[in-house]
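Counting in numbering that gives the first Met the number 0, the sequence shown runs from 0 upward without gaps. All residues carry an ideal CB built from backbone N, CA and C; glycine is no exception. Keep in mind the model is a prediction, meaning the values are calculated, not measured. First up is the structure itself, then whatever we jot down about it.
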Amino acid sequence: MSLIMCDWVTASISRVRHAEGSRIFDTGAFINVDPDGSIIKQFAGRIFHEGSFDNKVSFRAPTPNQLEMSGNPAKFLQGHNLFGSDDYVGLFLETGFNARRYGAQFPGPQTFIANQFPEPKFTRLDLTRNYKFSNDQEARAWLRNTAAKGHAKSGSALLASDTVYFGKKSTRWSFKMYLKSDEIKSKKKGHELSSKISKPDQNLLRDWSEGVVRFELTLRRPELEKLPISFDFLEVWENYFQRINFNKNGEVFDMTMIEELNLTPAKKTALMSWSMGVDLRQIFKGNHFYKVRREILDLTGFDISEKFGAEDLSPLRVALKDENWDPKPIDHLFHVPDQKIKEAYGLK
Numbered sequence: 000m001s002l003i004m005c006d007w008v009t010a011s012i013s014r015v016r017h018a019e020g021s022r023i024f025d026t027g028a029f030i031n032v033d034p035d036g037s038i039i040k041q042f043a044g045r046i047f048h049e050g051s052f053d054n055k056v057s058f059r060a061p062t063p064n065q066l067e068m069s070g071n072p073a074k075f076l077q078g079h080n081l082f083g084s085d086d087y088v089g090l091f092l093e094t095g096f097n098a099r100r101y102g103a104q105f106p107g108p109q110t111f112i113a114n115q116f117p118e119p120k121f122t123r124l125d126l127t128r129n130y131k132f133s134n135d136q137e138a139r140a141w142l143r144n145t146a147a148k149g150h151a152k153s154g155s156a157l158l159a160s161d162t163v164y165f166g167k168k169s170t171r172w173s174f175k176m177y178l179k180s181d182e183i184k185s186k187k188k189g190h191e192l193s194s195k196i197s198k199p200d201q202n203l204l205r206d207w208s209e210g211v212v213r214f215e216l217t218l219r220r221p222e223l224e225k226l227p228i229s230f231d232f233l234e235v236w237e238n239y240f241q242r243i244n245f246n247k248n249g250e251v252f253d254m255t256m257i258e259e260l261n262l263t264p265a266k267k268t269a270l271m272s273w274s275m276g277v278d279l280r281q282i283f284k285g286n287h288f289y290k291v292r293r294e295i296l297d298l299t300g301f302d303i304s305e306k307f308g309a310e311d312l313s314p315l316r317v318a319l320k321d322e323n324w325d326p327k328p329i330d331h332l333f334h335v336p337d338q339k340i341k342e343a344y345g346l347k
């Protein structure tokens, strides 16, 4: 069973050689024209194909010899994404291969090899882990605490609809954390369990999701270009997870350490005043206070908006136990990519 699940794939395949004027991929186009009929802009359309579990993946052809697929392979192949495989190459190929049955232009193995397609180029991957709390209430309390204290280089955590985001608008990488049982109970399209899953199995999945918080890392093109086609999912996930920090207000205040940081004399004085119990909101008014807070928090880990010396409630340091990570999937509802499909495409 996989510790990490691949929850989203965006990748493309491109034919190396082609006859002049030939076209093997065509997903239509959107055309913007001016009043006299001249084309202002034209870009590739997107076609959606539904699989066996009511879930869809999309295809678009940016060029006649390139095809991009985007979607959630776990939902497409097994009807849910509570747990799943980390074999992202296998998931991409099997999802594309199965989508052919529903009219997708994804090439078959013989066409793929005969037309000299190189390895797929991945431009988005979602890597996820699960953590099991005792119940939903405990999980929600943890998420609220995380939203209050967490920050990454991209800025403080953002809490929206009970989901905690780090770097939500980043074009490189982002992290989000949310309660899985809330998601599958949501009425939003695409979140619910597939209607093709039997009622008893749906109940099993809902019971499994109780207290489970999903930790989801999204890697986009600039970050994926740094990685080889095959990499250790867990190692990469942990690398980005460690970039999320929490304030250090409960730690020993070491002015020697502060002297070594690139702080202005005014901010060093502010930190010393804060450590003596001064409310810095009375010194730095309005938005200036939050600017100073952000600069000091990013450089030192101390949050001057909270009382100095308060207990450090950093949830990642004290609340998460190793044995609660990665609850075991339900065997008969877990789909493993077909190795024979990868072998047929020449990508092992």
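What is the rounded straight-line gap between the Cα of T268 and the Cα of V277? If I take the Cα positions, the gap works out to 11 Å.
Answer yes if the region 338 to 347 comes into contact with the region 81 to 93, meaning at least three C-beta pairs across the two stretches below 8 Å, and no otherwise. Judged by pairs of C-beta atoms under 8 Å, the region 81 to 93 touches the region 338 to 347, as three or more such pairs exist.
Using the Cβ count rule (16 or more neighbours within 10 Å means buried), how would you classify L270? Answer is buried; the Cβ neighbour count reaches 16.
Going by the CB atoms, is the gap between P221 and R171 shorter than 8 Å? The answer is yes: Cβ separation under 8 Å.
When the Cα atoms are used, what is the spatial distance from L204 to W7? The straight-line gap from Cα to Cα measures roughly 20 Å.
Taking the beta carbon of R316 as the centre, do at least 16 other beta carbons fall within 10 Å, making it buried, or is it exposed? Residue confidence for R316 is low, a pLDDT of 45 falling below 50, so the modelled location carries little weight and cannot support an answer.
Presumed contact (8 Å Cβ cut-off) between F58 and T110, rounded CB distance: Contact annotation, F58 with T110: C-beta distance approximately 15 Å; criterion of less than 8 Å not satisfied.
Around the C-beta of V251, are 16 or more other C-beta atoms found within 10 angstroms, so that it is buried, or is it exposed? Low confidence applies to V251: its pLDDT is 48, below 50, so where it sits in the model is not reliable enough to give any reading.
If V56 sits next to G70, beta carbons under 8 Å apart, how far is it from one beta carbon to the other, in whole angstroms? The C-beta distance from V56 to G70 rounds to 3 Å, short enough to fall under 8 Å.
For D302, count neighbouring Cβ atoms within 10 angstroms of its own Cβ and tell me buried if that reaches 16, exposed if not. Around the C-beta of D302, 16 or more other C-beta atoms lie within 10 Å, and the residue is accordingly described as buried.
Is S274 helix, strand or coil by DSSP? Secondary structure at S274: helix, using DSSP grouped into helix, strand and coil.
Supposed contact pair G210 and D135 - C-beta distance, whole angstroms, cut 8 Å: Indeed, because the Cβ distance is near 6 Å, the residues count as touching under 8 Å.
Sub-8 Å separation of S208 and S84 beta-carbons: No, Cβ-Cβ distance for S208 and S84 is not below 8 Å.
Can you list, in chain order, the residues of its chain with a C-beta nearer than 6 Å to that of W324? Leave out the 5 residues immediately preceding and following it. Correct list, in chain order: Y130.
Could you give the first and the last residue of the continuous alpha helix (DSSP H) run that contains V235? For V235, the enclosing alpha helix (DSSP H) covers residues 232 to 240.
Looking at C-alpha atoms only, which residue of E215, I23, K120 is the closest neighbour of N80? Per the Cα distances, E215.
Return the first residue and the last residue of the alpha helix (DSSP H) that S208 is part of. Judged by DSSP secondary structure, S208 falls within the alpha helix (DSSP H) whose first and last residues are 198 to 208.
Let me know the secondary structure DSSP gives A103 once reduced to three states. A103: coil per DSSP, three-state reduction.
Span separating the alpha-carbon of H334 from that of A73: Approximately 8 Å between the Cα atoms of the pair.
For the beta strand (DSSP E) containing R128, list its first residue and its last residue. R128 -> beta strand (DSSP E) spans 120 to 131.
Decide if M275 is buried, meaning its Cβ has at least 16 other Cβ atoms within 10 Å, or exposed. A residue is called buried once 16 or more other Cβ atoms fall within 10 Å of its Cβ, and M275, having fewer, is exposed.
For K175 and G36, what's the separation of their Cα atoms in angstroms? Between K175 and G36, the alpha-carbon positions lie close to 45 Å from each other.
So, helix, strand or coil for K74, using DSSP? Residue state, collapsed to three classes: helix.
For N97, which of helix, strand or coil comes out of DSSP? DSSP, reduced to helix, strand and coil, places N97 within a helical segment of the structure shown.
For L76 and M4, I'd like the C-alpha separation in whole angstroms. Distance between the alpha carbons of L76 and M4: 13 Å.
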